[in-house]
Each structure stands twice: as structure tokens, then as C-alpha cells.
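Visitor: Input: one structure, supplied below.
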Amino acid sequence: MTMVDPELQPTLLPTLGGETYVDPSYFVREQDRIFEQMWFCAIRSDDIVEPGNFRTVQIGRESVLISRNRKGGVTAFFNICRHRGATLCTEASGTVRRNFQCPYHAWTYDLDGKLIAAPNLIDMPMIDRVEYGLRKVHVREWLGYVWVCVAEDAPSFEDTVQGDVRERLGGVGAIDSYDMDSLALGRRIVYDVKANWKLIVENFMECYHCATIHPELTEVLPEFADGMAAQTYVGHGAEFGSDIAGFTVDGSHGFDALDGVSEDRDRRYYAITVRPTVFVNLVPDHVIIHRMFPMAVDRTVVECDWLYAPGVVADPTNAATMDKSVELFHRVNEQDFEACERCQPAMSSRMYRDGGVLVPAEHHIRVFHDWVGSRVAGPAQ
Amino acid sequence: MTMVDPELQPTLLPTLGGETYVDPSYFVREQDRIFEQMWFCAIRSDDIVEPGNFRTVQIGRESVLISRNRKGGVTAFFNICRHRGATLCTEASGTVRRNFQCPYHAWTYDLDGKLIAAPNLIDMPMIDRVEYGLRKVHVREWLGYVWVCVAEDAPSFEDTVQGDVRERLGGVGAIDSYDMDSLALGRRIVYDVKANWKLIVENFMECYHCATIHPELTEVLPEFADGMAAQTYVGHGAEFGSDIAGFTVDGSHGFDALDGVSEDRDRRYYAITVRPTVFVNLVPDHVIIHRMFPMAVDRTVVECDWLYAPGVVADPTNAATMDKSVELFHRVNEQDFEACERCQPAMSSRMYRDGGVLVPAEHHIRVFHDWVGSRVAGPAQ
Amino acid sequence: MTMVDPELQPTLLPTLGGETYVDPSYFVREQDRIFEQMWFCAIRSDDIVEPGNFRTVQIGRESVLISRNRKGGVTAFFNICRHRGATLCTEASGTVRRNFQCPYHAWTYDLDGKLIAAPNLIDMPMIDRVEYGLRKVHVREWLGYVWVCVAEDAPSFEDTVQGDVRERLGGVGAIDSYDMDSLALGRRIVYDVKANWKLIVENFMECYHCATIHPELTEVLPEFADGMAAQTYVGHGAEFGSDIAGFTVDGSHGFDALDGVSEDRDRRYYAITVRPTVFVNLVPDHVIIHRMFPMAVDRTVVECDWLYAPGVVADPTNAATMDKSVELFHRVNEQDFEACERCQPAMSSRMYRDGGVLVPAEHHIRVFHDWVGSRVAGPAQ
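Residue numbers (the UniProt record's numbering), protein chains in the order written: chain A, 1 to 381; chain B, 1 to 381; chain C, 1 to 381.
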């Protein structure tokens, strides 16, 4: 297979200017126009199994309370009491019996957010129990994750989240075959990266750096050594090297392929960027999900989940193999995030005021840059 | 006694918008138009007993040097040398023999602030010793405390500080009967609260939260369980429960009532908010004073003094009783400040852009909000 | 010798207003119009001896990579890869064999900055290897130090750096007689000062404070007790006291005078301020160089080098004498920097809005203030 693409123009394209990576006010606009207006992959559905289980997640500048109601449905609310603004739940996760009670003045909400009790409430007929219920956040489950949108009006989930998957894979059906809803969490590693979130996206989108910093990955996926990302071509998955038995740190066999994975995908790696903050990595025997939480203009927390068939996770004899399986992309993550942190300081240089350059193998990053620019120039909420 | 007030309108009033609690530039305006223009309760008069004793206090953005001169009077100056701006005294407290000497170029000021010596001063006739003396700060003693005002022109002490007491108690005479000048410091606890100062004021002004977070206090003052603050009605003091012997953490007897306290006040708690930063709590056998030092938009240091008759403080056999006496409001403080810290994060939410709501029992907080708003909209210095 | 100068006018001159010492946006303008437009004393030439030796230095907001090329010449570049902005060298110092390779995508530059290799470079004819070479920084060696200028167009080295020396000493020849190129580093001490860089310059320029805070220095240089700085008169050097044998902490003999030092300079101390960030101190047997690195509006790192004849440094039996030699100005530094830190807090006071005053012995500081003001008002890059 040759990776030379006749359509790649032999030109250099400019990147975004350095200011967009270091200016706190630009980040505020990104919070307002991107993270707080789009669908955000918040938690795994499995994180809240029983009614009353809850998680709190920071999305943009908002704390969101996600829980499961009596009927087993997932709900999401701004984590703020409607009375005087106390934070309802300060823990990252927990369980309530049947309602959320504000610890300040005891305003009490049921699991669907309705105001059901408060001191002297009976004397205050002007308090409508629905109008003064918890403010709802749009919520949707897909791929085994809970996606939320804190905007007043959520964009179409089909056009945005699923649109990014469709554009990359050539259709949503391809991802369905991995049946992610049914997978179990094998490992979660959280990285605290001192770099702007866009540097992390750009890094994930191109493979021009692979030969330089990813020796283990290019061993498994030899075509990556040529610098072409799996994301350059619609529907393309990078093929395992001929002597590679599995997607593990030493190329040894991992686990059996997931049930729905067809033969033509059986020795391939697929990568998808779901804007703004999710990366999906598909290999035959597991799926790796990155979720970014941009905390500041120069700091991004990344949660990375390794998902396997439930039987694989349940069986303790799989521990050593899973270690090798996880170790491959854990190393890739560390290599990538170090590179991103190395770029962050230069973003404030006068020399980078107009940005750097994208070589042909990176040209598709320009689409991401244009998209960021047009979102940030768009209307505030 | 019934706490239902026919005049309380069954409506919800809006609070201040969230931005006023998190925007650093709003805080700068508060520093300029409130803390640095009004009387500020700085230290206890007893903190500086002898001539040359001094204390330095941060008021708004200014360091103020408060000391006692040769005649025994209290003086207050900007803590800055007039020559090149060195801080005169960097310690929180201390004693000088007869003057303040700048440690940089040895400009020397007497205890009344007059410039009395400097290298080559005799050769510099253009330096007027009064004009280049320390810049004076307005100073006043009342209730055993030194109050200072760093503004060019101080507002009327009678209209502002004493006005707040009069409005609350129905007259200044009521507070005089506690003869606070003569009391001694039994305990001082300093709290570092990660919340905007206005959240602390609002919390002190209402008792709608008492039933939820103050079990010990509502045990002593049962009417607080109904949610009506002592501050709702002019002149009202909350009555001790019938089985309560004193204002202590377990309701046991504290100390004998202060000499001037009349019989009708003998089993009552009075609370007064003296804007912008002082709370006065009167109970029969002691007085509790809170002084806030707003350090940043999201941080406030609170110094709380427990004052008793000098004989009570001097007698070591009172230690156990004083512990119980102090413990009651110390717990109240901790409960309150935790609640304030819980509100601070939500102040930056889009959901709190227009604030929350005040129930009827909190309507008087609206007066405080209106006052803050009009001060901040007022002229800069 | 009398220090009374008939030309000193008995007036007080105003200093800069306090805001210029505390406003972060004023500091940004100083970075842009002063530190990043002028010659900046970066490293000692001896710090990079062999080809491939390098140092990285922060100058204003820029990281500069200074190294020695194959021909032994000194080169300086922005420490940023031209491709996507990764920092080339993250260490403060080190050695490369023959080129600088970016660790992100392996773009490789030779020691003269030319792009010599990159993945797929052969397929990218649009990448000009000079145009996409490292961005050069102006560089110059003088007095044994490497001076760099990160501006597009560097000002005249003769008019600025050497002009300051000429103006102070009455000619550049006077400093040449110390033959600083040939000296060796005896000691380096780094101070982290919590004060604005201008306070440090002002302090160095005047000696009105010497009697108050420098007992050891005024013992060695008695005329400093009168408050007149060596910098008040062109060409003046402060004379050692009659019982002083050398420029050491106890006035004992130091080392033999440097070879070129003439007899009339043999017992004198000369001080020169080279704007914006260098102080040169000349005494018969050594030279002391201060280089300031302004890190923030309220923080300045100062590196101080004590330079001696190479034979003095090489001889271990000189250790005790060198300790006494270094100790004198180390104490002066500590005394000065403490004074500067004491001024910093007052700069934000309303009382210092229009600044303080300069007594006649400090009037020459006004020239520095006017210069800063006119630079900051000048054009941005």
C-alpha cells in the first residue's frame, strides 16, 4: 500500500495564530461558543446504574449534575439550587435516596428536578414547583456514554456528534459494529496536560509526528511511519504490520475480536475526532475513548477509557494481557501530551503571532482551525 | 410568639446578579467606593495601650498604621514613607520608642506623623515638615474599637455606623447599655473564607437557613427555627428557649449578665449588621464582634472576637464555661462560612447571571443589595 | 573632598506614578518597547565555549537559543521550531553534536539555523531551507558577555549600550582598561526579588540610602555616607577610605589590581547603569556585573557575577580572600533588594498614585524615569 496521495497539494497552509492558544479571553469565547453550546461527552452510562446514583461534571464553566431517575432514565441539571445558588452536590459522585436537598436552606428537588419541599413552602404560593425546579440540561446516551449540552437550544446530535463519526468512517453503521454500549471499562487513566486543548486535537489528527515520537505505535502500524494519519482518508483504517498479532505494546496477541467486528476490520486501527473534545479509537479487540476537559487556556484534563468485552474485564487471568494492551496507547498518550506541552510556551512568542505551517500531510487540520475560528466568531449565548 | 408577619409580601425578589460576586473589576469598584470610602472597624482600642504601640491593618487596598501618640490619643496614617514609598512598618504589631523611621532612607516621623529628621534635611528647605509628614487617615473610637476611614472626606460616623445600629435596635442607647468599651477580649478566632464578602453579609442577615444548618443555635433560640431573623424587626431580640440557661453550646448557664443589661434584654440575642463589614451580636453575658477583611472577590478573612466582663476573663476558673460559651457561635460561624463557600462557585454560572430569589423572610436583604448597587454606581475617589 | 554640588537645585522632583510599578499592562508595554527592542545582556561568552554548546535565555516574553557554530561564532535564534512551534531546547544549557532537531516532527536545523532535514522534506519543494530556517536574533559580544536583541531592527550598540558606559565614565576606553573579556567567573549568585525592575534600577542609581542600609559599603567608601552616588558626576569614582586596604567586607586587602587598571583608578569604585537591565561595578581587583531578568511586574530575577583575573580564580588558596571579596557586595545586594521589596506594596496605594519625591541627590533618577516614559509611549513592534 502506498500512502502518497495525488490530491495533497504541495503547499504550506498557515495554522491558527499563537494568541488563540494563550489568550484567556479567547478561551472564554471558546467556553461560551464551543464547549457550552455543543454536545459534550460527560460520563459513562455505567457510572450511574441505580436510581439516585449521580455524577457531577464540569462542562465549560458549568457544573452539571447527572443522575438516574426512578424510571431508570438519565437526567442532567445545572448543579445549582434555584433559591440562592448553593452548589447542590459537591462530590464528584455519590448516591441520594430519593431527592436532592440543598444543604443551605433545604430546598428539596425530586430526581426529575421538581421542587418538592422547602421551609415555609406552603406559605409561598408564588413558588411554582416546576418553574423553580432544577434547570434541565439536554441529555442523550450514545456509545455507552452520556452526552449533555448546557446550551438553551442543543444542536442536532445527528448532525454534529454522529456527523463527525459519519464523515470519518463513511457511515455510523461502522461504529455500531463495535457495540460500544455493551463494553465494560477495563482501565481509566487521567492525564493533566499543561497545554491548550486545540494542540491536543491537532496532535491527534495528524501522524506526521508518529515516526519521531511513537516507536511502539509505528511498530504496530507501519504505515504511520510514513506520516499519513488514519484520519486523512474517509473510511481508512491503518493496517497492522504483517508480524503483529495484536494492538499491544509489543505486538503480541491481545484478546479475541469483539463480536460484531467484520473480517475486513479485524487487523485495523480507526481513529475519529468528535468535536470538540472526544477521540474514539477502534481496534479489533477494544475501544479507546479520550474525553478532554479544557480547564484553562493552558491546561486540559484528559480522561482516557479502555473498553473491552465484559467477559474480558471480568476474568482476572486477563490482567497481564490487559496491561500490555493498555500500555501501548498509554505510551502514545504520554508521548503526545509531552509534545503538546512543548508547544504551549512558544504560542505567546512574537514569532508565532501568525502561527506556524501545516505540511501537506497535515492539511486536514486546517478544517478544524477554520471551524474553531467560525465558532468563536459566532454569536454568544 | 408567632413569627408570621402580615407585612411580608408573598413575592419573590431577585438577588444581585452572579457577576457581582466573581468579577474582579466589580470588587475593585467595591474597594474604591465602599471599603475605602466608609468607616472600617480596624482594631480593638486595647490592641494599642501605650504610646508607641502600633498595629498595621489592610483596609481595601491600603495598609494603615494605627498607633497611640504621647498624649494617649489614637492616630492613623497611610503606612507609606512620603519620600519614595517604602512601607514604614511591615509587622502586624509592635512598639516604637518615639518615632517611625523609614528603614530605606531614614526619613523619620514623630508619633503625630510630622517629619522630624532625614539625611541632609537641613540642606533641603523646600521640604515642609508638615506637608511631607505622614498622610493622616480619619480615626474614631467607639464600642472599644478603633474605626478608620481612608477616604479624603469621611462620611458622618453618626449617620453611617451609628445609623445602622440605631436602625436595627431603635436607638444607640440600647447598645450603650452593654458598655462595650469596658469589656475584655476572651477569645479571638480568625476564619479564612473562600467566598465573596456579600455572601457572608447576606448569610448573617437572614435566618431562613437556621433550621437547616444551625442545630445548636436553634436549640438556644427556638424562634430561629421558624426562619425569621432577629434582624427582620426593628428592636427585636430573639428569646432564649424556656429550658435554656445561657447562650452556650449546650444551653447551660454562662456568666452573669453584664452590668448595664436591663431585665427585658436578659434572655435575648440581638444581631446588628454595621455596613460594610461588621456584625455585632449582643447576649446578656457577652458580645460577639465579627470584622470582615475582604481580600479578593472570592476570599474574605473574618476576625471574630468574644468579649466578656474583665473579671470573667481574668479568672482562670472560668475557662471551661468560656469554652462552652465560645463554642456556640464558633460552630455557627463554621456552619455559615461553609454555606457561603458552597455558593461561591455557582455565582459564575450562566444560570445565575440574573441571580437567585429572596423568599419573604429574606426580603430585607434586598435593601443591602440596593445599597451595594448604588454605592458601586457612585463616584470614584 | 566635599560632595556638595552647587548645581544641585534645592527642589523636589516627582517620581513615576505608582501604577507603573504594579500594572501588568504597563509591564507588557515595557516588555514590548524596552526589553524586546533593546540590547539585552544574555550570557557570558564563556558559557558556550565549544561548537554545539548552547544556553537558553528568557528575554522579555521570548525564549532565545544562544550557541556557538562550527566556525566558533556566536549565534542566537528564537527557540522555536518553524513548523508547529515546539520549543527546540527546553534545558537551560547543553550541547548538541551538529544540529538542533525538533523532538516533535524532527525538523532539523544546522548550527547556523538552516533547515537541513525533515520527514518527507524531499517531497516538499515549497519549503525553502533558509526562509524556514530558525529565526535569527541579533547578537554581539562585548565585555566578555553575549548581548542579544530580539527586535526586528536592533538599535545601534554603540549609541545605546556603549553610549551608557561613555556617558557615565566619560569614554569607553576607561572600561576597556579592565579587560573584562579576559576575566574569569569567581562567583555567581542569583537573587529572586519581589519587586518591579525599575525599583532596582533606581536603588542602584542613588546613594542617599547608603548611610542607612549599607554599613559595610560606607565603611569602605566613606563619601557614600554623604548620600552622593558615584553616578552623580561624570567620570567620578568613589575613593576607598584611608584605612581601607581593599574592596572586601572588612576592608582587608583583596587581590592585586587587574593589569590594565591605571594608578588613578587603583583605589576607586565605579558604577555604571547600562539600560535597561545591567549594572557594572568596577573596583581595582575585580568587576561585578548585575543582569536583571524582569519576570513579572512585581518580580525580577537578578544574576550577579563576580569576575577576577583567571589566575586568581584558578588558585584554590585564594578561597578565603575571595569569600571576603564577594561578601561585601553580596551584603549590599541583600540590603538593596530588601529595600526594593519594601517599596513594592506601596506602589498600589492611592497615596502613591502620583508617586513620591526625589531629593536633590536623587535628581538624576528623573532622567531614567523620563526615558522609561518615552520608551513606553513609543511605537509597538
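For each residue, glycine too, the CB sits at the ideal point set by N, CA and C. As the structure is a prediction and not an experimental result, all values here were calculated from the model.
Give me the Cα-Cα distance between C89 of chain C and M295 of chain A, rounded to the nearest whole angstrom.
Guide: Taking the straight line from one Cα to the other gives about 27 Å.
Visitor: Of all the beta strand (DSSP E) runs that stay within the bounds of the segment 144–184 of chain B, which reach a length of 3 or more residues?
Guide: The qualifying runs are 145–149.
Visitor: Nearest to R98 of chain B by CA position, among B:D259, B:D323, B:F54, is which residue?
Guide: For R98 of chain B, the nearest C-alpha among the options comes from B:F54.
Visitor: Between which two residues does the alpha helix (DSSP H) carrying V297 of chain A extend?
Guide: Counting along the chain, V297 of chain A falls outside any alpha helix (DSSP H), and DSSP gives it neither H nor E.
Visitor: Under 6 Å Cβ to Cβ from V313 of chain A, same chain only, skipping five residues before and after it: list those, please.
Guide: Answer for V313 of chain A: A184, G186, listed in chain order.
Visitor: Is the CB-CB distance between C149 of chain B and M292 of chain B below 8 Å?
Guide: No, the Cβ-Cβ distance between C149 of chain B and M292 of chain B is not below 8 Å.
Visitor: Counting along the chain, where does the beta strand (DSSP E) carrying V274 of chain A start and finish?
Guide: Looking at the DSSP string, the run of the beta strand (DSSP E) that includes V274 of chain A is 268–274.
Visitor: Can you give me the C-alpha to C-alpha distance between D336 of chain C and V201 of chain C, rounded to a whole angstrom?
Guide: Rounded to the nearest angstrom, the two C-alpha atoms are 10 Å apart.
Visitor: Taking only three categories from DSSP, how would you classify D110 of chain B?
Guide: Note: D110 of chain B maps to strand in three-state DSSP.
Visitor: Going by DSSP in three states, residue 452 of chain C sits in which element: helix, strand or coil?
Guide: Limits of chain C in this structure are 1 at one end and 381 at the other, which puts residue 452 of chain C out of reach.
Visitor: Report the residues of the segment 359–376 of chain C with a CB closer than 9 Å to any CB of chain B, ordered along the chain.
Guide: Cβ contacts with chain B: V359, P360, A361, E362.
Visitor: Does the beta-carbon of R82 of chain C have 16 or more other beta-carbons within 10 angstroms, so that it is buried, or is it exposed?
Guide: Buried, since its Cβ has 16 or more Cβ neighbours within 10 Å.
Visitor: Does DSSP put S252 of chain B in a helix, in a strand, or in coil?
Guide: S252 of chain B falls in the coil class under three-state DSSP.
Visitor: Please report how far the alpha carbon of Y145 of chain C lies from the alpha carbon of Q9 of chain C, in whole angstroms.
Guide: When rounded, the distance between both Cα atoms is 38 Å.
Visitor: Would you decide whether R188 of chain C is buried or exposed? Buried here means 16 or more other CB atoms lie within 10 Å of its CB.
Guide: Exposed: under 16 other Cβ atoms inside 10 Å.
Visitor: Name, please, each residue of chain C whose Cβ falls closer than 9 Å to the Cβ of G17 of chain A.
Guide: Going along chain C, no residue has its Cβ under 9 Å from G17 of chain A, so there is no contact; the nearest lies around 11 Å.
Visitor: Tell me the rounded alpha-carbon separation between V326 of chain C and D285 of chain C.
Guide: Answer to the nearest angstrom: the Cα atoms are 12 Å apart.
Visitor: Closer than 8 Å, Cβ to Cβ, to anything on chain B: give me those residues from the segment 123–149 of chain A, in chain order.
Guide: Cβ contacts with chain B: D123, M124, P125, M126, I127, Y132, R135.
Visitor: Provide the residue(s) that pair with G101 of chain A in DSSP beta bridges, ordered along the chain.
Guide: The displayed chain sequence assigns Gln, not Gly, to residue 101 of chain A. DSSP, once it has assigned bridges, lists A:T108 as partnering Q101 of chain A.
Visitor: Are G355 of chain A and P103 of chain A touching if we call contact CB-CB under 8 Å?
Guide: No, Cβ-Cβ distance for G355 of chain A and P103 of chain A is not below 8 Å.
Visitor: May I have the straight-line CA-CA distance separating R166 of chain A from H209 of chain A, to the nearest angstrom?
Guide: Approximately 26 Å between the Cα atoms of the pair.
Visitor: Decide if I122 of chain C is buried, meaning its Cβ has at least 16 other Cβ atoms within 10 Å, or exposed.
Guide: Classification for I122 of chain C: exposed.
Visitor: Where T300 of chain B and A118 of chain A are concerned, what is the direct C-alpha to C-alpha distance, given to the nearest angstrom?
Guide: T300 of chain B and A118 of chain A: Cα-Cα distance of roughly 29 Å.
Visitor: Along chain B, which residues have their Cβ under 8 Å away from the Cβ of F78 of chain A?
Guide: The contacting residues are S349, M351.
Visitor: Using a Cβ distance threshold of 8 Å, determine whether the segment 65–75 of chain B contacts the segment 30–37 of chain C, with at least three qualifying pairs required.
Guide: Flag = no, the segment 65–75 of chain B and the segment 30–37 of chain C do not touch.
Visitor: Relative to the C-alpha of I80 of chain C, which residue among C:V57, C:V74, C:E158 is closest?
Guide: Here the closest residue by C-alpha is C:V57.
Visitor: Check whether the segment 105–115 of chain A and the segment 237–257 of chain A are in contact - that is, three or more C-beta pairs closer than 8 Å.
Guide: Contact fails: fewer than three Cβ-Cβ distances are below 8 Å.
Visitor: Relative to the alpha-carbon of W197 of chain B, which residue among B:K71, B:A309, B:G18, B:D298 has its alpha-carbon at the smallest distance?
Guide: Measuring from the Cα of W197 of chain B, the nearest candidate turns out to be B:D298.
Visitor: Using a C-beta to C-beta distance shorter than 7 Å, which residues of chain A count as neighbours of H330 of chain B?
Guide: By Cβ distance, chain A contributes nothing, its closest Cβ being about 19 Å from H330 of chain B, past 7 Å.
Visitor: What do you get for F353 of chain B, buried or exposed, if any count of 16 or more other CB atoms within 10 angstroms of its CB means buried?
Guide: Note that residue 353 of chain B is Arg in the sequence shown here, rather than Phe. Exposed, since its Cβ has fewer than 16 Cβ neighbours within 10 Å.
Visitor: Measuring CB to CB, does R265 of chain A end up less than 8 Å from A238 of chain A?
Guide: Not in contact: R265 of chain A and A238 of chain A (Cβ atoms no closer than 8 Å).
Visitor: Would you say V332 of chain A and D164 of chain A are within 8 Å of each other, going by their C-beta atoms?
Guide: The answer is no: Cβ separation not under 8 Å.
Visitor: What are the complete alpha helix (DSSP H) segments, minimum 4 residues, inside the segment 277–364 of chain B?
Guide: Within the segment 277–364 of chain B, the complete alpha helix (DSSP H) runs of at least 4 residues are 310–314, 319–343.
Visitor: What whole-angstrom Cβ distance do S93 of chain C and R61 of chain B have, given they're in contact under 8 Å?
Guide: About 42 Å separates the two Cβ atoms, so there is no contact after all.
Visitor: List the endpoints of the continuous beta strand (DSSP E) containing L115 of chain A.
Guide: Here the beta strand (DSSP E) through L115 of chain A covers 115–117.
Visitor: Please compile the residues from chain C whose C-beta is within a distance smaller than 7 Å of the C-beta of H105 of chain B.
Guide: Within chain C, the residues near H105 of chain B are Y208, H209, T212.
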